[in-house]
């Protein structure tokens, strides 16, 4: 296989017939649920369901993925435990060590797809915040505090149980610990109160806040999406919002089309600025992708649609890879 340099992040097709070759963009996806498929659905890390298998990643120009370590609530009678996160990490590590196709850590040169790790639900760390440093050494660069239910750190946008808080004291302590280690905190799945609390802590710590796989609530009124105020707050930390392809998070009342995803991207760029929007497609997470974006091989179609939608080439490069790389390769330093 021909080894490509990590930078620049734009290359042209090898051959052109009669016209200049169409630009082909590299992609870094902030949220690919292959560890979930590996640990709980019996799929391989290299193939998953096919949405983000190696073939689809290669065809789509994907050169980097964030692999979230996730433990379902029914993993044990008491819910997710630290030992469950450890087991998830070891499963992923064994698969990564099988060959060079997926390379950890992701900020170095690699002939395959560069990878980073994240938490999607860091509740098991509530009683062991000091362990986060060891996780960063293992490759964790993003800490997602909560998933679809309230936990010991934060309240969730997906949990209907009424609460009067966002972050717990343990949650605030873990955000401060993450920022002290240079790691980004992810507010996708967090409740509005929790997002506000994370941003308040970030103003004290000057740490990064991201939403790895969320869209704009202004275009799709769903609690998993972000208000414009929240988007601006994330951008103010230097963080990014990762564009999510799951149809119910893109548009309400009908199946989403590629054009609807472009509308989400354009809105986020208008609100946050072109330096603060990235990709977090949520492939392999049981999503119903927007039509035209069925798997990772379709990223070139998204790039073309973004161009037709008025985004300039430099902005498309930032959205598809450069903004994510800035966050990931700053994190953990």
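In the numbering used here, the protein residues as written are 13 to 345. Every residue gets a Cβ at the ideal spot worked out from N, C-alpha and C, and that includes glycine.
- Item | Beta-carbon spacing of residue 198, residue 140 below 8 Å | no
- Item | Reduced DSSP category for residue 127 - H, G, I as helix; E, B as strand; rest coil | strand
- Task: Tell me, to the nearest whole angstrom, how far the beta carbon of residue 305 is from that of residue 257; I am working on the premise that it is less than 8 Å.
- Result: 5 Å
- Query: DSSP beta-bridge partners for residue 156?
  - Reply: 132, 198
- Of the listed residues 78, 212, 112, nearest to residue 290 (C-alpha basis): 78
- Between the CA atoms of residue 302 and residue 187 - distance to the nearest angstrom: 33 Å
- Do residue 195 and residue 210 have their CB atoms nearer than 8 Å? no
- Which whole-angstrom value is the C-beta distance of residue 104 and residue 47, which I expect to be below 8 Å? 5 Å
- Task: Within the stretch 297-328, note down every full alpha helix (DSSP H) run reaching 4 residues or more, in order along the chain.
- Result: 311-320
- Message: Which same chain residues end up closer than 7 Å to residue 164 when comparing Cβ atoms and leaving out the 5 residues on each side of it in sequence?
- Response: 135, 138, 180, 182
- Task: Tell me whether residue 192 sits in a helix, a strand or coil according to DSSP, three-state version.
- Result: helix
- Cβ atoms of residue 311 and residue 64: under 8 Å apart, would you say? no
- Task: For residue 258, name the three-state secondary structure that DSSP assigns.
- Result: strand
- Query: Does DSSP classify residue 342 as helix, strand or coil?
  - Reply: helix
- Query: Does the stretch 264-274 come within contact of the stretch 102-120, defined as at least 3 CB pairs closer than 8 Å?
  - Reply: no
- Query: Which word fits residue 334, buried or exposed, when buried means at least 16 other C-beta atoms lie within 10 angstroms of its C-beta?
  - Reply: buried
- Message: Tell me which residues share the same chain as residue 340 and place their Cβ nearer than 6 Å to its Cβ, disregarding the 5 neighbours each side in the sequence.
- Response: 128, 153
- Item | Residue span of the alpha helix (DSSP H) that contains residue 283, given as start and end | 270-284
- Could one say the Cβ of residue 342 lies closer than 8 Å to chain B's Cβ atoms, at least one of them? Any reference to chain B falls outside this structure, which holds one protein chain only.
- Which parts of the stretch 54-100 are runs of the beta strand (DSSP E), unbroken and 3 residues or longer, counting only runs that do not cross its ends? 74-81
- Whole-angstrom distance between residue 95 and residue 218, CA atom to CA atom: 31 Å
- Under 8 Å by Cβ, that's how I've got residue 44 and residue 75 pegged, so tell me the actual separation to the nearest angstrom. The pair is not a contact, with the Cβ atoms about 13 Å apart (cut-off 8 Å).
- Query: Just to confirm, are residue 288 and residue 251 a CB contact at a threshold of 8 Å?
  - Reply: yes
- Task: Can you give me the Cβ contacts of residue 100 inside the same chain, cut-off strictly under 8 Å, excluding the 5 residues immediately before and after it?
- Result: 47, 51, 81, 82, 83
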